[in-house]
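Chemist:
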Amino acid sequence: MKRKVLIVGAGIGGLATAIRLVKNGYDVEIMEKNEQAGGRLNQIKKDGFTFDTGPSFFSMSYEFEEFAKECGIQLPFEYVELDPLYTVNFRGDDKTYFLYKDIDKLAEQFADIEPDFKEKFERYMEKSGALFHDTVDIVIKQNFDSLAGYVWALMRVNPVHIPVLFKSFWKHVTQYFSSSKAQQIISLVAFFLGRTPFDTMGIYSLLSYTEFRHDGYYNVKGGMYKIIEGFVDVLNKEKVKIHYNTEIKGFEEKNGTLKSLTDQNGKSWSADSYLINSDAAWFRGNIFKRSSYALKKLDKMSWTMGYLTFYIGLKRKLPQVNHHNYYLGTNYKDYAENVIKNPGTLQKPYYYVNVLSKHNNECAPEGCESLFFVCPVPNLYFKQDWSDKDEIVDSILEDFSKRIGQNIKDEIVSRTIYTPEEWQNRFNLHRGSGLGLSHNMNQIGIMRPRNVDEKFKSVFYVGASTVPGAGIPMAIISSKLAFKRIQQHVS
Ligand SMILES: Cc1cc2nc3c(=O)[nH]c(=O)nc-3n(C[C@H](O)[C@H](O)[C@H](O)COP(=O)(O)OP(=O)(O)OC[C@H]3O[C@@H](n4cnc5c(N)ncnc54)[C@H](O)[C@@H]3O)c2cc1C
């Protein structure tokens, strides 16, 4: 008889593992709290516009290819390489920097501020590439069973990298580049891990290698949500049932064994194994009631920042705006040091704008544009009251209008705002922290909430707050690690 696995959550981590399981002969069912699949990688359709809600590009495309091969499927979506990767503009500066993968084109952008950029960048890439290749297979793509095993793996990493472990991302970057703007632009990628270059370890400069050299960034044709639609389609064909609007609220155990999970209507769900795609730390504390993950303990952990995201339908085209754009201020260090804890930074916010309709006409009515803004903000631990959200959004729209030389205020026909409250309440994210647990030394590898449960032998975890960490490619790797755990358990 087929072994049955129940999956809690239809985020990308849950769906990818479901595909691996069903293609390997398991009987799979999924319970999802919301009315549609995707979790943070989601979609809003409103007023004739389509918006991606969270991720807007991904790196390490080969992880998807490997996943499809391992599952024996055609990848059910098409992706397109980004070139340039993104643009950056500083407040008060007319220049827009285009971040190309081509080193000569990239160096041209910095010709006036960092004349020997090419040579410095090559040196920086060499180090970033070495960090990537020396750690990805040994540390990132591994399940660890003990601290000793983890330490042993770390010892196999080339010791020349040890100093980078004790340096911040910022410190590392500033050793290579001397112009303030080049330093800011190159260190921006640390924000993609949900913290800032000042409190992210230098070792994560390996991300610069993934964006500029190794594989680059990719968009999905038709919008990022096509990934989820494609995955759900594969599962539908395999007759995997996804129960929407079904939130797991409790559990029953007998003699230290998990008997069943219970949903909001009191219905019990049982299986041979359980895979939790809900945040691995939040679920342990809130559903399994583990004292080491009680609210106070969760608050003591280091979480990523919150996001204020808003989705704007515009009744005009913006040819002067590119697909992926970062708008920075003039006080990078001060801003970055405060953005996680201090709501005061929102007076002059930094933000990112994605124009989904730029390359996907079908995502906006004719002659219109579908815009998605992301502004890093303190999570709900540091800012509970979001009654000022419209004020903050208006100030960003005003700043954006000035910087693109087009007042868009009266041309907005659709407007939706998610504060960290929406992110928390929709997806059960602790304090609305956008990327889950941060990636400091104490919260990576064996130190991150594990993908096997401490108590129930039949419970496993997948997704951003377990191994290896946040981001779409990491969710695909996480699905492989969780799948291996389930297979080991069964055999
Ligand atoms: C604003 C933003 C921008 C981002 N941009 C990028 C980007 O450009 N590129 C990139 O690679 N990554 C990006 N990320 C990160 C990426 O979105 C996440 O790392 C990834 O989507 C997490 O997937 P997951 O499967 O771990 O979790 P989730 O997407 O959170 O999925 C978990 C699922 O579990 C469900 N659930 C939770 N609790 C329960 C319960 N009790 N019962 C039933 N269901 C439950 C939730 O509703 C959800 O559907 C971004 C994130 C945010 C917030």
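Reminder that position 458 of the sequence shown reads as 1556 in this note's numbering, one-by-one numbering, no gaps. Glycine residues also receive a C-beta, built at the ideal position from the N, C-alpha and C atoms. All of these numbers come straight from a predicted model, not from anything done at the bench.
Could you compute how far the alpha carbon of D1551 sits from the alpha carbon of D1232?
Modeler: Taking the straight line joining both Cα atoms gives about 29 Å.
Chemist: Let me know the secondary structure DSSP gives M1322 once reduced to three states.
Modeler: coil
Chemist: Please name the residue, chosen from W1367, E1345, K1553, V1491, that lies closest to V1126 on a Cα-to-Cα basis.
Modeler: W1367
Chemist: Based on Cα-Cα distance, which residue from C1461, M1399, I1171 lies nearest to K1413?
Modeler: C1461
Chemist: Count Cβ pairs between the region 1514-1526 and the region 1413-1432 that sit closer than 8 Å; are there 3 or more?
Modeler: no
Chemist: Please give me, in chain order, every unbroken run of the alpha helix (DSSP H) with length at least 4 that falls completely inside the region 1289-1336.
Modeler: 1304-1307, 1323-1335
Chemist: Can you give me the start and stop residues for the beta strand (DSSP E) that I1438 sits inside?
Modeler: Run containing I1438: none; DSSP gives neither H nor E here.
Chemist: Out of curiosity, what's the CA-to-CA distance linking I1542 and V1237?
Modeler: 10 Å
Chemist: Exposed or buried, what is M1572 when buried is set at 16 or more other beta-carbons lying within 10 Å of its beta-carbon?
Modeler: With 16 or more Cβ atoms within 10 Å of its Cβ, M1572 is classed as buried.
Chemist: Contact defined as beta carbons within less than 8 Å: I believe Y1342 pairs with N1132. What is the distance between those atoms, to the nearest angstrom?
Modeler: 7 Å
Chemist: Where do the N-terminal and C-terminal ends of the beta strand (DSSP E) with L1356 fall, by residue?
Modeler: 1355-1361
Chemist: S1157 and Y1323: beta carbons closer than 9 Å?
Modeler: no
Chemist: Less than 6 Å between C-beta atoms, sequence neighbours within five positions excluded: which residues of the same chain meet that for W1380?
Modeler: The answer, listed in chain order, is N1526, H1528.
Chemist: Specify the secondary structure class of V1588 as computed by DSSP and reduced to three states.
Modeler: helix
Chemist: Express the C-alpha separation of S1577 and V1560 in angstroms, rounding to a whole number.
Modeler: 6 Å
Chemist: Hey, out of H1259, A1205, F1275, whose CA is closest to F1230's CA?
Modeler: H1259
Chemist: Which residue wins for smallest C-alpha separation from K1121, given the options G1137, G1170, N1140?
Modeler: Distance check between K1121 and each of G1137, G1170, N1140 places G1170 closest, using alpha-carbon atoms only.
Chemist: What does the alpha-carbon distance come out to for the pair D1370 and F1554?
Modeler: 12 Å
Chemist: At a cut-off of 8 Å, would you count S1468 as near ligand 1, judging by its Cβ distance to the nearest heavy atom?
Modeler: no
Chemist: What are the uninterrupted segments assigned as beta strand (DSSP E) that are 3 or more residues long and contained completely in the region 1468-1530, given in chain order?
Modeler: 1510-1516
Chemist: According to DSSP, which residues form a beta bridge with G1136?
Modeler: G1109
Chemist: With DSSP collapsed to three states, give me the class of I1574.
Modeler: In this structure, I1574 counts as helix in the three-state DSSP scheme.
Chemist: Against chain C, with Cβ distances strictly below 9 Å, would K1167 count as a contact?
Modeler: Looking at the structure shown, chain C is missing, and only one protein chain is on hand.
Chemist: Taking its Cβ as the centre, do 16 or more other Cβ atoms sit within 10 Å of D1377, making it buried, or is it exposed?
Modeler: buried
Chemist: Pull up the CB-CB distance for V1451 and Y1425, whole angstroms please, since I reckon it's below 8 Å.
Modeler: 7 Å
Chemist: What are the boundary residues of the beta strand (DSSP E) that includes H1422?
Modeler: 1422-1426
Chemist: Decide if L1478 is buried, meaning its Cβ has at least 16 other Cβ atoms within 10 Å, or exposed.
Modeler: Flag for L1478 reads buried.
Chemist: Could you spell out the range, first to last residue, of the beta strand (DSSP E) harbouring M1129?
Modeler: 1125-1129
Chemist: Consult DSSP for D1397 and reduce its assignment to one of helix, strand or coil.
Modeler: helix
Chemist: Assuming F1149 contacts L1454 under a Cβ cut-off of 8 Å, what Cβ separation, rounded to an integer in Å, is found between them?
Modeler: Their Cβ separation, rounded to whole angstroms, is 7 Å, which keeps F1149 and L1454 in contact under 8 Å.
Chemist: Indicate, with yes or no, if ligand 1 has a heavy atom lying under 8 Å from the CB of N1505.
Modeler: no
Chemist: What residue from L1359, E1467, V1262 has the CA that sits closest to V1511's CA?
Modeler: E1467
Chemist: Is the number of C-beta pairs between the region 1215-1231 and the region 1532-1541 that are closer than 8 Å three or more?
Modeler: no
Chemist: What do you reckon, is the C-beta of K1337 under 8 Å from a heavy atom of ligand 1?
Modeler: no
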